[in-house]
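Working notes for the structure below.
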Amino acid sequence: YRCRFFVLNNDAGLLEYFVNEQSRHLKPRGTLQLAGAVISPSDEDSHTFTVNAASGEQYKLRATDAKERQHWVSRLQICTQHHTEAIGKNNPPLKSRSFSLASQGSANSPGVQRRPSQNAVSFFNVGHHRLPTGKRVPIMQPDHLVDVREMMSQAEGQQRDLIRSIECLPVSGHLTSLDQDLLMLKATSMATMNCLNDCFHILQLQHASQQKGSLPAGTTISWLEPKISLANHFKNGAAQNFPAEINKPASVREEQSIAEPCQLTREPEEINPDEELEDICDDKEDDLGAVEEQRSVILHLLSQLKLGMDLTRVVLPTFILEKRSLLEMYADFMSHPDLFIAITNGTTPEERMIRFVEYYLTSFHEGRKGAIAKKPYNPIIGETFHCSWRMPKSDIATDAGSNFSAHSPSEQVTLSKDLEGQTELDYYTVKFVAEQVSHHPPVSGFYAECVERKMCVNAHVWTKSKFLGMSIGVTMVGEGLLSLLEHGEEYTFSLPCAYARSILTVPWVELGGKVNINCAKTGYSASINFHTKPFYGGKLHRVTGEVKQNATNTVVCRVQGEWNSVLEFTYSNGETKYVDLTKLSVTRKRVRPLEKQGPFESRRLWQHVTESLRDGDIDKATEHKRALEERQRNEERLRAETETPWCTKYFLKEGDGWVYHKPLWKTVSTAQTQQTDTN
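Going by this note's numbering, the sequence shown opens with residue 549, and the numbers climb by one from there.
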């Protein structure tokens, strides 16, 4: 390896390197286009990662420690995502601050091992070549677009006739409207027309920008927006009244739109755990009836999707929804607070890392509500969710041999009821808060803490959904940070991808991808692989992993099994432990009653949708869901037109991530400083 000074240029989507920091003003020694690149942490150790450009060129980099590698990989992946999506679009990707890393001789310098591409022709250089000086791009004439639009209209008419002919066929007999080949013809013809419409929209954008210059940030292109009139029945919590008269003076509309965010961004509210009651809601998602009844709707939806299409902006039918928000789903990953608190009780760094891995792997099972793959509500920007858990101190493991509670589910219910009569000193409290901090891209921040044990976890997740044919893939972009303040340790971690399989029959969920957990201070790391089922044979929901001491490259623990069934942990001393996740005790979360919740707390915000789904009234649920989504779209449009930024309530932007406004590591540090001053 050779030590080089690297710069990530977010605006240009480039990874550049120089001989050292002093030569940064000179031409870079090497440059990689990040659009279309693949960023991969290496399996060989916890410091190495590779950047594979679309041109075939590859950089193999080595950071000084695992935390620094996680830092670079996360930011490279986010930058790559932005610029990959920007290909073919007229507007540039979101701009963010460029950052660099100290150079040769510094503790923060990554090494570089460059492998020249055997194919020297860069795809992006060919696609984005410079025009000779003095030449200008010929502007497409308006009549050309008119001709294209006319041909598109003719094709759309013929496609509609085809669909009508298929749908008019009888439902029984030799040739029916449900014939598989005809359904495929119907789906592919609709997908083709949608693809052509997308291309035509790009042509219109290019034509508008060539005539008027590039579009300014925040410009609203009216014909790309849904033309649905504003609904007046926003009954979920705080109803918002939009101006009914479209022809009001612009100044009046601007004043109203500017005032809107002020109503949504109140001061952070301190939730009193004593106001929260044990949750009695138990919405299992095992009902397939609605999915079977609406199969024609699913086929119609699939016919409008293209392979690899981003589903972030696609409105999915209501009947495939879970009866909870995505923010609440993140809370359900914390359903084993006894294992979470027990992490800090580990007597050695090795034991604490192993305990964290054990807790991490047991969290996904309870996050799923039943075997059927359904989708939680997409949180609305500004939506929040609060809850807490109470755990008897006697149930928290204090030694390595008792990491998992022996209580059965029935015993756990009794324990939870008995908690009401216990004093404050008899139990620990874990508090949780989540907020939707961004709409496009959809980013959620969540934070949990146990003040008594001086431990907290902060995470931000950007959910990226894609259509994969007969399945849907969801990538969780972002990272989490577990802080054990008693030990001065920080653990960085990421989340696996999720896949909804067999969406036309009985949809089910599996996890896939590699996850890394690192503690820079102790030098311990963990590599966990969630294996997707092979096409032929193989087991479902398989997971393998190992915990290493980086300095010696010694494996201290191995794990294998299924993330929703039985896990086997094998330790370096030869001992083996089996954990049956289906028998693990689950602690019910505590939530404030609806009448005490704020208008933008998840359960109150979505209460009418949830009630309608419980009653089986899909049409009514769709109506309430559409009202919420339409309100969000119009608020976003008004903010864009007035250039009013969105202000979050509980989380603050720090670099490319989001951090809780009052994390425990800040409050504990402040308290210790004040105590020192007093002494």
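The beta carbon of each residue, even a glycine, is placed where N, CA and C say it ideally should be.
Name the residue from Glu1037, Lys1131, Met1024 whose alpha carbon lies nearest to the alpha carbon of serine 1113. The shortest C-alpha separation from serine 1113 is found at Lys1131.
Taking Cβ positions, are histidine 1008 and phenylalanine 1199 nearer each other than 9 Å? Judged by their CB atoms, histidine 1008 and phenylalanine 1199 are nearer to each other than the 9 Å cut-off.
Take lysine 1002 and list the residues in its own chain whose beta-carbon comes closer than 8 Å to its own, dropping the five residues that flank it on each side. So the list reads Thr892, Leu1032, Leu1033, Glu1034, Leu1212, Val1216, once near-sequence residues are dropped.
Contact under 9 Å by Cβ, serine 883 with glutamate 906: Contact flag unset, no.
Between glycine 993 and valine 985, is the Cβ-Cβ spacing less than 9 Å? Taking 9 Å as the Cβ cut-off, glycine 993 and valine 985 qualify as a contacting pair.
Which residues in the same chain as serine 1042 place their Cβ atom closer than 8 Å to its Cβ, once the five residues preceding and following it in sequence are excluded? Excluding residues up to 5 positions away in sequence, Gln618, Ser622, Met1024, Gly1026, Glu1027, Gly1028, Val1063, Asn1064 lie with their Cβ nearer than 8 Å to the Cβ of serine 1042 in the same chain.
Helix, strand or coil for threonine 1092? Go by DSSP, reduced to three states. DSSP, read as helix, strand or coil, puts threonine 1092 in strand.
Return the bridge partner residues of tyrosine 907 from the DSSP annotation. Per DSSP, none; premise fails for tyrosine 907.
Compare the C-alpha of glutamate 715 against each of Asn558, Gly721, Glu823, Ser725 and name the closest. For the residues Asn558, Gly721, Glu823, Ser725, the minimum Cα distance to glutamate 715 belongs to Ser725.
Any idea what DSSP makes of glutamate 823, helix, strand or coil? Collapsing the DSSP output to three states places glutamate 823 in a helix.
Check for me: the alpha helix (DSSP H) holding phenylalanine 1229 runs from which residue to which? Any question about residue 1229 goes unanswered here, given that the chain covers just 549 to 1227.
Within the same chain, show all residues whose beta-carbon is closer than 8 Å to that of serine 1019, passing over the 5 residues directly before and after it, in chain order. So the qualifying residues of the chain are Tyr1047, Ala1048, Arg1049, Ser1050, Ile1051.
Can you find at least 3 beta carbon pairs, one from the segment 893 to 903 and one from the segment 1194 to 1210, that sit closer than 8 Å? No, the segment 893 to 903 does not touch the segment 1194 to 1210.
Rounded C-alpha distance that separates glutamate 605 from glycine 561: Between the alpha carbons of glutamate 605 and glycine 561 lies a gap of roughly 15 Å.
Look up threonine 596 in the DSSP assignment and give the residues it is bridged to. Answer by DSSP bridge pairing, in chain order: Arg610.
Can you tell me which of the three DSSP states lysine 575 falls into? Looking at lysine 575 - three-state DSSP - the assignment turns out to be coil, as it is neither helix nor strand.
Report the rounded CA-to-CA distance for threonine 910 versus leucine 1129, giving the unit in angstroms. Cα-Cα distance, rounded: 7 Å.
Which runs of the alpha helix (DSSP H), 4 residues or longer, sit entirely within the segment 689 to 739? If you keep only unbroken alpha helix (DSSP H) runs of at least 4 residues inside the segment 689 to 739, you get 690 to 715.
Where the alpha helix (DSSP H) containing asparagine 1077 begins and where it ends: Not the alpha helix (DSSP H): asparagine 1077 falls in the beta strand (DSSP E), residues 1072 to 1079.
Taking tryptophan 937 as the reference, which of Ser571, Gly1146, Gln570, Ala996 has the closest Cα? Cα-wise, what sits closest to tryptophan 937 is Ala996.
Return the chain-ordered list of same chain residues with a C-beta closer than 6 Å to the C-beta of glycine 584, the five sequence neighbours on each side being excluded. Ala602, Thr632.
Per-residue DSSP class, three states only, for phenylalanine 881: In this structure, phenylalanine 881 counts as coil in the three-state DSSP scheme.
Taking only the alpha-carbon atoms, compute the straight-line gap between valine 685 and leucine 693 and give it to the nearest angstrom. Caution applies to valine 685, whose pLDDT of 40 falls short of 50 and renders its modelled position unreliable; the value that the coordinates give is listed next. Going by the C-alpha atoms only, they are around 17 Å apart.
By the 10 Å Cβ neighbour count, where 16 or more other Cβ atoms means buried, how is tyrosine 925 classified, buried or exposed? Per the 10 Å Cβ criterion, buried.
Integer Cβ distance of tyrosine 975 from proline 940, believed to fall under 8 Å: The beta carbons of tyrosine 975 and proline 940 sit about 5 Å from each other, so the pair counts as a contact at 8 Å.
Those residues which DSSP pairs with valine 1054 across a bridge: Bridge partners of valine 1054: none, in fact.
For proline 1211, the three-state DSSP class (helix, strand or coil): Reduced to three states, the DSSP call for proline 1211 is coil.
Measure the beta-carbon distance from glutamate 1058 to threonine 1080 and round it to whole angstroms, keeping in mind my assumption that it falls under 8 Å. The Cβ separation is near 6 Å, so the contact holds.
Looking only at its chain, what residues have a beta carbon closer than 6 Å to the beta carbon of serine 654, apart from the 5 residues adjacent to it on each side? The predicted model places serine 654 with a pLDDT of 37, which falls under 50 and marks its position as unreliable, so this point remains unresolved.
Report the option in Gly1061, Ile819, Glu1189 whose CA atom is closest to the CA atom of threonine 1092. When Gly1061, Ile819, Glu1189 are compared, the shortest CA-CA separation from threonine 1092 is found for Gly1061.
Span of the alpha helix (DSSP H) holding lysine 1201? Bounds of any alpha helix (DSSP H) do not take in lysine 1201; it lies within the beta strand (DSSP E) bounded by 1199 to 1202.
How is the beta strand (DSSP E) around asparagine 1182 delimited, first residue to last? First-last for asparagine 1182: 1166 to 1190, but that is the alpha helix (DSSP H), not the beta strand (DSSP E).
Proximity of leucine 574 and cysteine 627 at Cβ, strictly below 9 Å: In this structure, cysteine 627 does not lie closer than 9 Å to leucine 574 by Cβ.
Taking Cβ positions, are glutamate 1094 and alanine 1068 nearer each other than 9 Å? No.
Under three-state DSSP, which class holds glutamate 1110? Here glutamate 1110 sits in strand by DSSP.
For lysine 965, the three-state DSSP class (helix, strand or coil): Only weak support is given to the placement of lysine 965: the predicted model assigns it a pLDDT of 43, under 50, and the value that follows is read from those uncertain coordinates. Under the three-state reduction of DSSP, lysine 965 is assigned to helix.
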